[in-house]
Each structure stands twice: as C-alpha cells, then as structure tokens.
Amino acid sequence: MNEIGLTHILFISTALFFIGVYGFLTRKNLITMLMAIELILNSVNINFIAFNKYLYADKLDGLFFTIFIITIAAAEAAVAIAIIIHLYRSLKSIDVDDADIMKF
Amino acid sequence: MSASSVIFYIIAAVIIGGGILAITSRKIFRAAVYLLFSLLGIAALYFYLNYEFIAAVQIVVYVGGIVVLIIFSIFLTHASGDEMKRPVLWRAVFSGLATVFAAALTYLFITDHNFVPVGYALDHPVAPSVKNIGLQMLSTTEHGYILPFEVVSMLLLAALIGCIVIAIKIKTKE
Chain A
1 MNEIGLTHIL
11 FISTALFFIG
21 VYGFLTRKNL
31 ITMLMAIELI
41 LNSVNINFIA
51 FNKYLYADKL
61 DGLFFTIFII
71 TIAAAEAAVA
81 IAIIIHLYRS
91 LKSIDVDDAD
101 IMKF
Chain B
1001 MSASSVIFYI
1011 IAAVIIGGGI
1021 LAITSRKIFR
1031 AAVYLLFSLL
1041 GIAALYFYLN
1051 YEFIAAVQIV
1061 VYVGGIVVLI
1071 IFSIFLTHAS
1081 GDEMKRPVLW
1091 RAVFSGLATV
1101 FAAALTYLFI
1111 TDHNFVPVGY
1121 ALDHPVAPSV
1131 KNIGLQMLST
1141 TEHGYILPFE
1151 VVSMLLLAAL
1161 IGCIVIAIKI
1171 KTKE
C-alpha cells in the first residue's frame, strides 16, 4: 500500500458525489432528496480541502470556499425545510408526485 | 500498511457506508441518522488532513444544525416507523447505471491525471490555523475575503426572514 495521497481523497469524494446523485434520482420524498443534496455539497467541500492541502499549500482559498459553501448549504437547508413544512400543511404529503398544484 | 493509512480507510468506509445507507434506507429516520454518521466521517477526514477549524465548523453546522433541522422536520411530517415506497425498478436500474458509468469515467480521469504541486507552494506552506483564517477572512487587501463575508451575512439574514415568512401559519378568520 502506498502513501495516502490526493487521488485517494478524490476517489472518496467522487464516490460520495455519485451516491448523492443516485439518491437524488431515485428518491421521491422531499426530505431524502434534501439529504442527497447535502451529500453532494459535502463531496465538493472535500475536493476543495484536498486540493488546497496537496496542491496549493501556500494559500487558504480552498478553505474559504469550503466555509462559504457550508454557510450557503445551511441557509439552503433552512429555506428548503420551511418550504417542505409549508407544502406539508397544504398537501398533507411531501412526496414530489403529489406536489403538482402549479401544473396547469 | 501504516497506521495512518489504516485510519484513512476506516474513515473512508464510514463516509461511503453512511452515504450508501442514507440513500437506500427505507425508514426515513434511520436515513437521517446514517447521514449523521457520514457527515461525522467527513469531519474526521478534515481532522485527518489537519484542517481542525473546518472540522469544527463541519460538526457545529452540519451535525449540530442541519441534521437536527432535518430530524425535526421528519418528526413534523412523518408518522414514526412507516416505511417509504421502494423506488420504481426501471428508475433505480437506470439511475444506478448512469451513476456507475459516470463514476467510472471520473475515476479514469483521476487515475490518468498526474497532479503535480507547484514547487513554491511546497516551500511556503501556510498553516490553516484560526489566526491565519481570521486575518485573511477580514482583510480588506488584495486577497482578503471581507466582501464575500458581508454578502454571505446578508444572505443569511435574507434566508432567516424568508424561512419565517414561508413557514408562518396565517390564521384565517371565519
């Protein structure tokens, strides 16, 4: 076994990204789709940190991008859950198939 | 195989296993708990890479904030213990195929590409300490991040007000 390098961490983040994509495509429940999006955003964060550590150790830019992505992901999750709760109140369901009231 | 790589593979197994279980579990509450383990594994990976501040932020924001929010919304919208429907077979098969092929292609690119760090970067490393992060985050000079910092604070305020406006219950008089 060779030393843990950049490619190992990129393998993990790629796997996590495509796990998230698979979940986003197959799930029908809004909360589980939100969880899949969180996984995708986290894989992007791992990429930024790994590139910052292994290729650009003289800068901190990847770290700042990670901080801002975490902040925006938190805001996005809060707004998404507010929308889901509002949707549940009017439809009594959070399945994407039931949320068709804007179709005409 | 050194102890460091053993730890790395354990962390990788927690991240990937937690992710897969969070996506495939049919009980939504369990899916949220598996997501929690996956996010904790990612925080452990940041600790492994010596980025302690990001690891702390990951634990505070994701584990302490987002997962708790998700679990509360599950409590508000689901009866406990009911199982979700199985995904339609053809949809599961085709999304599985698409993601597996895309992941294989990405793995091919990663193994093919030779990542070479710049020599200057190796000679002048900047420690990701809280002091360096804070100095650069609030600096108004060329590489400072004060403008995105302020913009993101406005975004958080907007999200806060937006959440209240969307989720508030308006009482209708009859």
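Going line by line, the protein sequences match chains A and B.
40 is the number that my numbering gives to position 40 of the first sequence; each next residue is one higher, with no gaps.
1054 is the number that my numbering gives to position 54 of the second sequence; each next residue is one higher, with no gaps.
Even for Gly, the Cβ is constructed at its ideal location relative to N, Cα and C.
Distance between residue j and residue i (C-alpha atoms, nearest Å)
| i | j | result |
| --- | --- | --- |
| E38 of chain A | V21 of chain A | 11 angstroms |
| R1091 of chain B | A1104 of chain B | 20 angstroms |
| F1047 of chain B | Y1062 of chain B | 15 angstroms |
Residues bridged to residue i (per DSSP)
| i | result |
| --- | --- |
| D95 of chain A | A:N29 |
Listed by chain order, chain B residues near residue i by CB distance under 7 angstroms
| i | result |
| --- | --- |
| A74 of chain A | V1061, G1065 and I1066 |
| V21 of chain A | T1099 |
| A77 of chain A | I1066 and L1069 |
Chain B within 8 angstroms of residue i, Cβ atoms only
| i | result |
| --- | --- |
| L10 of chain A | yes |
| D58 of chain A | yes |
| L91 of chain A | no |
| A36 of chain A | yes |
| V96 of chain A | no |
| N47 of chain A | no |
| K53 of chain A | yes |
| I4 of chain A | yes |
is_contact[residue i, chain A] using C-beta, thresh 8 angstroms
| i | result |
| --- | --- |
| F1008 of chain B | yes |
| V1152 of chain B | yes |
| G1162 of chain B | yes |
| R1030 of chain B | no |
| G1096 of chain B | yes |
Chain-ordered chain B contacts of residue i [CB-CB under 9 angstroms]
| i | result |
| --- | --- |
| L16 of chain A | I1015, I1016, G1019, S1038 and I1042 |
| D69 of chain A | The question names Asp, yet the displayed sequence has Ile at residue 69 of chain A. What I69 of chain A touches in chain B: nothing, since even the nearest Cβ is about 10 angstroms away. |
Chain A residues whose Cβ lies nearer than 8 angstroms to that of residue i
| i | result |
| --- | --- |
| L1076 of chain B | I85 and Y88 |
| I1170 of chain B | By Cβ distance, chain A contributes nothing, its closest Cβ being about 10 angstroms from I1170 of chain B, past 8 angstroms. |
Interface flag, residue i vs chain E, CB-CB below 8 angstroms
| i | result |
| --- | --- |
| V1057 of chain B | The chain labelled as chain E is not found among the protein chains of the depicted structure, namely A and B. |
Whether or not the region 1071-1088 of chain B and the region 27-42 of chain A are in contact is what I'm after, with contact meaning three or more pairs of Cβ atoms, one per stretch, closer than 8 angstroms; do they touch? yes
Tell me, please, whether the region 36-53 of chain A touches the region 4-23 of chain A by the rule of three or more beta-carbon pairs shorter than 8 angstroms. yes
Taking 8 angstroms as the cut-off, does the region 86-102 of chain A touch the region 36-55 of chain A (at least 3 CB pairs, one atom from each stretch)? no
Segment contact flag, the region 1108-1123 of chain B with the region 1015-1033 of chain B, C-beta cutoff 8 angstroms, min 3 pairs: no
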